[in-house]
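>
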Amino acid sequence: LTGWRMRLAERELREGSMPVSALALSLGYTSESAFSNAFKRMTGMAPKRYRVAMSREAGPIEEAVDVEGQAMTTHYRLLKAAS
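Residues in the sequence shown are numbered from 1 upward in steps of one, following UniProt numbering.
1. My understanding is that residue 6 touches residue 39, with C-beta atoms under 8 Å, so please give their C-beta distance in whole angstroms.
2. Within the same chain, show all residues whose beta-carbon is closer than 6 Å to that of residue 14, passing over the 5 residues directly before and after it, in chain order.
3. Put residue 47 into one of helix, strand or coil per three-state DSSP.
4. Using only the alpha-carbon positions, how far apart do residue 12 and residue 31 sit?
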């Protein structure tokens, strides 16, 4: 369930303009803080930072598979920069 929520969140943060607080509630989180913590655990960055980074980066998107085998979209430049 968390992986699915994060994929939806990533897409909205890349392509949409919904405030993070509204996105958190729409995904079933009780607060923006709970959502932000979960998002940061999965992607390595806060939702607002992810949105800004994605708006500045216009590069290819690739599928990555995390250790548990859940597919989640990640931007390869962000992964490289974070390591």
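For each residue, glycine too, the CB sits at the ideal point set by N, CA and C.
So, from the listed chains and residues:
1. Along the sequence shown, one-based indexing puts residue 6 at 6. Along the sequence shown, one-based indexing puts residue 39 at 39. The Cβ separation is near 6 Å, so the contact holds.
2. As a first step, residue 14 must be located in the sequence shown, where it is residue number 14. Hits under 6 Å: 54.
3. Walking along the sequence shown from the start, residue 47 turns up at place 47. If DSSP states are grouped into helix, strand and coil, residue 47 belongs with the helices.
4. Numbered from 1 along the sequence shown, position 12 holds the residue referred to as residue 12. Numbered from 1 along the sequence shown, position 31 holds the residue referred to as residue 31. Computed Cα separation, rounded: 17 Å.
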